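Just so you know, the sequences run in chain order A and B.
Be aware that the first sequence starts at 168, since it is given in the working numbering, and climbs by one per residue.
Be aware that the second sequence starts at 374, since it is given in the working numbering, and climbs by one per residue.
Worksheet for the structure shown next.
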Amino acid sequence: MGKYIVKRVLLMVPTLLGVAVLIFFLMRVVPGDIVELRFAGESAFAQKENLDKERVRLGLDQPLLTQFIRWMSGIVQFDFGTSMWTGAPIIEEIKLRFTLSMQLAIMATIVAVVLAIPLGVLAAIKQDTWIDYTVRIFSIAGLATPSFWLGIVFILLLLIVFKWLPPMVYTPFWVSPVQNLAQLIWPALAVGYRYSAVATRMTRSAMLEVLREDYIRTARAKGLWQNLILSRHALKNAMLPVLTVIALEFAFLMGGLVVTEQVFNLNGLGMLFVESVAHRDYTLTQALVMLVAFMFIFVNFLVDLAYAWLDPRIRFR
Amino acid sequence: MAWTPLLLAAVVLVASPVAAQEKPRYGGELVFVVPSELPSYDGHREGTFGVVHPMAPHYNTLLRVDPNDRTGTKIVADLAESWAVSPDGRVYTLKLRRGVKFHDGAEMTSRDVKASYDKIVFPPEGVGSQRKGQYTNVEAIQAPDPSTIVFRLKWAQGSFLSLLASPYSWIYKADILAKDVRWYEKNVMGTGPFLFVEHVKGSHWVGKKNPNYWDKGKPYLDGYRAIFMKDAAPQVAALRGERAHIQFRGFAPSERDSLVSALGRRIVVQESPWDCAAWVVMNQDKKPWNDRRVRRALTLALDRHQASQALSRIAVVKDVAGVQVPGTPYATPPAELEKLAGYSRDIRKSREEARRLLREAGVPDGFTFTFMNRGVPMPYEPVGVWLIDQWRQIGLNATQQVNESAKHVGELRGGNFEVSMDAQCGYAVEPDLDLHKFQSTGISHNNFGRYTDKVLDDLYQKQSRALDPEERKKYVREFERRLLDEEAHQFVTLQWHRIVPHSAKVRGWTITPSHYLNQQLDVVWLAE
């Protein structure tokens, strides 16, 4: 198992390096310039001399290769530099939003898992009954409903029916759990519903597949208790693809909830991402892409480990 | 709904005069929404209202625009209590208030003012100054005694007092600047009515009352909280849910209407022409846009008077205007404006003239070109659609290409366009600020039309140096006629229209044409 983990960890390095090269050069290809945006936006008095000086200050006058080497040498030392837009250390910019995004991702995952697994299993067991149809309608509706739209509906309902609006400012859970949950439960429900729809359908189809396996028939023939067959033999095996879906969705939630964050005015990584691209803040965008790429790779790594735990055959291949 | 405009008219008309007569009440926290966020804390360096709205309450400027003046043009004292101008108009001597203290208790003197303006006008290497170009006329800044500051100019400049009232030109502490000239990029230390409490990036900014404020009896509020919100929907929800009192920049007409219909008498709406305008610029490096007849045809095609009625219902544009905000001292009266190309009420005649000019210039019927627009819905999207329709009516076929903001600026700067939407916003209604952009390329870095016009440059200088307002007005009109009519280098579509619906509890705040002005909050108070 140790050798397997080392191999997986080593594989992360070239992947991250590839992402770094790609994002660095792609950002430079996109038209637009942070200096223009900052000094020539609403001001009619921008002077070319000032703009040039700012480019020098930000190191944008250097050849691309020099900029890339400087950035990479920083990364190797875990120094992501400072945001070109705010001048603040990038770690500080990300740290501020990471907690919120992580909490929201966890809460949405909990909502999704709590809904998806029982519903998916139920639908599989009761295949082609009204229960199955209800679950399928519920999950298809979830797939078809954008989470930001559901978010808007939540806000309007709260506002019009209950004359109440969730808090506008994020309060960490350890400062005030009530305030924190009052703000985050709504986006978690909106996002978790769509997320659960994907997982429900995956759970149902995986369960149906497993329930047709020989070993399940054997277990039934041996007279094993139905619940035991489902929990010990069927569900554990059906969980492999479900786990992949849940993990990938989780990684996506870390930086991909742009519109939902806008609707609920959440100060998360998604909004930061959009702002950094809009400002052409190269250093911050690059760091965020690296973070999201790392999240995907790390979550995949955990899934692989879970696979190996759930299915021991994988360890020995 | 039919009753909405009536209700709206009622709240707009009733609100301000009553508020002006009431006795201010002390206490309370003003909560406002800021639809942007500040890049750094240094007002000298930045150029966005995202810096001004949350931070202006921590600072004072030498002069300011009267917070009760709806035109946003009347200059009054702030840290300077009086001023005198030499007969030749080249020396401005300002007497500073005594007893003004920074938030750390240190006394503010002319040394601080000089250090602050030296940083703005003559920034050291590596220090950004957004408005350095506005003070190129300043020869020297002197502090002969602790309560006197003197600005020596290279030539007389009619707008200089307005420049000293810039809402960005905050007075910093000299000792701090001496130690670290970039300290203010990440820290706050002013003399303003509110003390800095907290800033959580992307979330909020908090200020509390300065108990030792030099203007005794002010501020009225215990504090304020600025919430950063980029998207319009949560901003409207915040006001509708009464989680925020106001958003100072402005809302779209539909958002105003939904707030008024939801909150009724609990909301008040203030409206004003906005010192921003949607312009059209033609790239004169490309044919046929180097031909003034073609450029004139584009502006002649526009039925601005009809658009003013139609577009103002759905977009933040309204007034038919020239180069100055309607209703302000240097604005051209409507009757005179109607003599300019594209401003006539006889649109049929204008369009006939436009077609004639196009024929004369050899532009065929059905000529196709690309119109570049900025990918920001309000007001660019509806105005862009309207422009394309108007040009179609003189036989021109415009294809719209929408770019997100960063790309749009890049393409304008690089000259990679034929005809484009452009914008001009000013922090104060002042011809020097509003007209600078339209001078020849080489003088104005923001002249995206890429033209050279010595006559226009000369008129700019003349209006800038004219000390007599009537003489200056004459030059501004000539500049306007040449820019919009004779050469039609660029032209205004419609003036933006600022709409600020706010909680009826908010008193003492008066709308101005600039969303950069009147943000010190020292005169704002909250009713029960």
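Every residue gets a Cβ at the ideal spot worked out from N, C-alpha and C, and that includes glycine.
This structure is a prediction, so every number in the text was calculated from the model and none was measured.
**Request:** Can you tell me which of the three DSSP states Glu860 of chain B falls into?
**Result:** As a working note, residue 860 of chain B is residue 487 in the second sequence. DSSP, read as helix, strand or coil, puts Glu860 of chain B in coil.
**Request:** Please report the Cβ distance between Lys780 of chain B and Pro198 of chain A, rounded to the nearest whole angstrom; I am assuming they are in contact, meaning their Cβ atoms lie under 8 Å.
**Result:** Residue mapping note: residue 780 of chain B aligns to position 407 of the second sequence, counting from 1. Residue mapping note: residue 198 of chain A aligns to position 31 of the first sequence, counting from 1. Contact holds; Cβ gap of about 4 Å.
**Message:** Let me check one thing: in DSSP terms, what residues is Ile600 of chain B bridge-paired to?
**Reply:** In the second sequence, the residue the question calls residue 600 of chain B occupies position 227. Listed as beta-bridge partners of Ile600 of chain B by DSSP are B:Val406, B:His577.
**Asked** Comparing the C-beta of Ala680 of chain B with each C-beta of chain A, is any distance below 8 Å?
**Response** Looking up residue 680 of chain B in the second sequence gives position 307. No - not a single Cβ of chain A is within 8 Å of the one on Ala680 of chain B.
**Request:** Mind checking which residues open and close the alpha helix (DSSP H) that includes Lys492 of chain B?
**Result:** Counted from its first residue, the second sequence places residue 492 of chain B at position 119. It spans 483-494 - the alpha helix (DSSP H) in which Lys492 of chain B sits, taken as one unbroken run.
**Message:** Is Asp485 of chain B close to chain A? Criterion is C-beta to C-beta, closer than 8 Å.
**Reply:** Numbered from its first residue, the second sequence carries residue 485 of chain B at position 112. No, because no Cβ of chain A sits closer than 8 Å to the Cβ of Asp485 of chain B.
**Message:** Using a Cβ-Cβ distance cut-off of 8 Å, determine whether Glu754 of chain B contacts chain A.
**Reply:** Numbered from 1 along the second sequence, position 381 holds the residue referred to as residue 754 of chain B. It does not; no Cβ of chain A falls within 8 Å.
**Item:** Cutoff 8 Å: Gln503 of chain B Cβ touching any chain A Cβ
**Value:** Here residue 503 of chain B refers to the residue found at position 130 when the second sequence is read from its first residue. Closer than 8 Å: yes.
**Prompt:** Which residues bound the alpha helix (DSSP H) around Trp476 of chain A?
**Reply:** Indexing the first sequence from 1 puts residue 476 of chain A at position 309. Looking at the DSSP string, the run of the alpha helix (DSSP H) that includes Trp476 of chain A is 449-477.
**Prompt:** Candidates B:Lys492, B:Gly590, B:Leu436, B:Asp451: which alpha carbon is nearest Leu536 of chain B's?
**Reply:** Stepping through the second sequence from its first residue, residue 536 of chain B is reached at position 163. The shortest C-alpha separation from Leu536 of chain B is found at B:Leu436.
**Request:** Kindly confirm or deny that the stretch 429-445 of chain A and the stretch 370-381 of chain A touch, where touching means at least three C-beta pairs closer than 8 Å.
**Result:** At 8 Å Cβ cutoff, the stretches do not touch.
**Asked** For the putative contact between Val466 of chain A and Ala414 of chain A, defined by C-beta atoms under 8 Å, what is the C-beta separation to the nearest angstrom?
**Response** What you label residue 466 of chain A is simply residue 299 of the first sequence in a count that begins at 1. What you label residue 414 of chain A is simply residue 247 of the first sequence in a count that begins at 1. Confirmed, Cβ separation roughly 5 Å.
**Request:** Keeping to the same chain, check which residues put their C-beta closer than 7 Å to that of Tyr848 of chain B; ignore five residues upstream and five downstream.
**Result:** Working through the second sequence from its first residue, we reach residue 848 of chain B at position 475. So the list reads Leu832, Lys835, Gln836, Ala839, once near-sequence residues are dropped.
**Asked** Roughly how many angstroms separate the alpha carbons of Gly241 of chain A and Phe419 of chain A, rounded to a whole number?
**Response** Sequence index remark: in the first sequence, residue 241 of chain A carries index 74 (1-based). Sequence index remark: in the first sequence, residue 419 of chain A carries index 252 (1-based). Looking at the backbone, the Cα of Gly241 of chain A and that of Phe419 of chain A are separated by about 26 Å.
**Asked** Exposed or buried, what is Ala383 of chain B when buried is set at 16 or more other beta-carbons lying within 10 Å of its beta-carbon?
**Response** Residue mapping note: residue 383 of chain B aligns to position 10 of the second sequence, counting from 1. For Ala383 of chain B, the predicted model reports a pLDDT of 39, less than 50, meaning its position is unreliable; a value from the coordinates is still stated below. Ala383 of chain B is exposed by the Cβ-count criterion.
**Asked** Would DSSP call Lys468 of chain B helix, strand or coil?
**Response** Along the second sequence, read from residue 1 onward, the residue named residue 468 of chain B stands at position 95. Of the three classes helix, strand and coil, the one that applies to Lys468 of chain B here is strand, per DSSP.
**Request:** Give the secondary structure of Gly501 of chain B by DSSP, where H, G and I count as helix, E and B as strand, and everything else as coil.
**Result:** The count along the second sequence starts at 1 and reaches residue 501 of chain B at position 128. Residue state for Gly501 of chain B is assigned as coil, using DSSP reduced to three classes.
**Prompt:** Should Arg786 of chain B be flagged as near chain E, meaning a C-beta pair shorter than 8 Å?
**Reply:** Looking at the structure shown, chain E is missing, and the protein chains on hand are A and B.
**Beta-carbon contacts of Ile319 of chain A that lie in its chain and below 7 Å, excluding the five residues immediately before and after** = The residue given as residue 319 of chain A occupies position 152 in the first sequence. The answer, listed in chain order, is Val430.
**Cα-Cα separation, Ser413 of chain B to Lys330 of chain A** = The sequence position of residue 413 of chain B within the second sequence is 40, counting from 1. The sequence position of residue 330 of chain A within the first sequence is 163, counting from 1. Cα to Cα, Ser413 of chain B sits roughly 37 Å from Lys330 of chain A.
**Message:** If the criterion is Cβ atoms closer than 8 Å, does the pair Gly614 of chain B and Leu326 of chain A meet it?
**Reply:** Against the second sequence, residue 614 of chain B aligns to sequence position 241. Against the first sequence, residue 326 of chain A aligns to sequence position 159. In this structure, the beta-carbon distance from Gly614 of chain B to Leu326 of chain A falls below 8 Å.
**Asked** Just the Cα atoms here: how many angstroms apart are Ser634 of chain B and His426 of chain B?
**Response** Reading the second sequence from its first residue, position 261 is the one you call residue 634 of chain B. Reading the second sequence from its first residue, position 53 is the one you call residue 426 of chain B. Their backbone Cα atoms lie some 27 Å apart in a straight line.
**Prompt:** Distance, Cα to Cα, Leu227 of chain A vs Gln453 of chain A?
**Reply:** In the first sequence, residue 227 of chain A corresponds to position 60, counting from 1. In the first sequence, residue 453 of chain A corresponds to position 286, counting from 1. Going by C-alpha positions, Leu227 of chain A is about 15 Å away from Gln453 of chain A.
**Request:** Please list, in chain order, all residues of the same chain as Glu628 of chain B whose beta carbon is under 6 Å from its beta carbon, the five residues on each side excluded.
**Result:** On the second sequence, position 255 is the one that residue 628 of chain B refers to. Hits under 6 Å: Val609.
**Prompt:** the ligand GTP heavy atoms versus the CB of Thr367 of chain A: any closer than 7 Å?
**Reply:** What this structure holds is no ligand at all, so the ligand GTP is not there to describe.
**Message:** Does the structure place the stretch 796-811 of chain B close enough to the stretch 655-668 of chain B that three or more beta carbon pairs sit under 8 Å?
**Reply:** No: fewer than three Cβ pairs fall under 8 Å.
**Message:** Does chain A have any CB closer than 8 Å to the CB of Met428 of chain B?
**Reply:** Taking the second sequence and counting its residues from 1, one reaches residue 428 of chain B at position 55. Not an interface residue.
**Asked** Ser502 of chain B and Ile493 of chain B look like a contact to me (Cβ under 8 Å); what is the Cβ gap, rounded to whole Å?
**Response** Counted from its first residue, the second sequence places residue 502 of chain B at position 129. Counted from its first residue, the second sequence places residue 493 of chain B at position 120. Ser502 of chain B to Ile493 of chain B, Cβ: 5 Å. Contact.
**Message:** Residues in the same chain with beta-carbon distance under 7 Å from Gly580 of chain B, minus the five sequence neighbours each way, listed in chain order, please.
**Reply:** Reading the second sequence from its first residue, position 207 is the one you call residue 580 of chain B. Excluding positions up to five away in sequence, the list reads Pro430, His431, Phe567, Leu568, Phe569, Val570, Gly596, Tyr597.
**Asked** By DSSP, does Met406 of chain A sit in helix, in strand, or in coil?
**Response** For the purposes of this step, residue 406 of chain A is identified with residue 239 of the first sequence, where counting begins at 1. Here Met406 of chain A sits in helix by DSSP.
**Message:** For the structure I just gave you, are there three or more beta carbon pairs, one from the stretch 450-468 of chain B and one from the stretch 546-561 of chain B, closer than 8 Å?
**Reply:** At 8 Å Cβ cutoff, the stretches do not touch.
**Prompt:** Are Thr564 of chain B and Pro519 of chain B closer than 8 Å when you measure CB to CB?
**Reply:** In the second sequence, the residue the question calls residue 564 of chain B occupies position 191. In the second sequence, the residue the question calls residue 519 of chain B occupies position 146. Pairing Thr564 of chain B with Pro519 of chain B gives a Cβ-Cβ distance that is not under 8 Å.
**Prompt:** Would you say Ala382 of chain B faces chain A, with C-beta separation under 8 Å as the test?
**Reply:** Stepping through the second sequence from its first residue, residue 382 of chain B is reached at position 9. Note on Ala382 of chain B: pLDDT 42, under 50, position unreliable in the model; no value is reported.
**Request:** Taking Lys878 of chain B and His618 of chain B to be in contact with their CB atoms under 8 Å, please state how far apart those CB atoms are, rounded to whole angstroms.
**Result:** Stepping through the second sequence from its first residue, residue 878 of chain B is reached at position 505. Stepping through the second sequence from its first residue, residue 618 of chain B is reached at position 245. Lys878 of chain B to His618 of chain B, Cβ: 6 Å. Contact.
**Pro752 of chain B versus Val345 of chain A - alpha carbon distance** = In the second sequence, residue 752 of chain B corresponds to position 379, counting from 1. In the first sequence, residue 345 of chain A corresponds to position 178, counting from 1. Their backbone Cα atoms lie some 40 Å apart in a straight line.
**Item:** Close beta carbons around Val406 of chain B, own chain, < 6 Å, minus the five adjacent residues each side
**Value:** Mapped onto the second sequence, residue 406 of chain B falls at position 33. The residues Ile600, Met602, Gln608, Ala611, Ala617, Gln620, in chain order, have a CB closer than 6 Å to that of Val406 of chain B in the same chain once the five nearest residues on each side in sequence are set aside.
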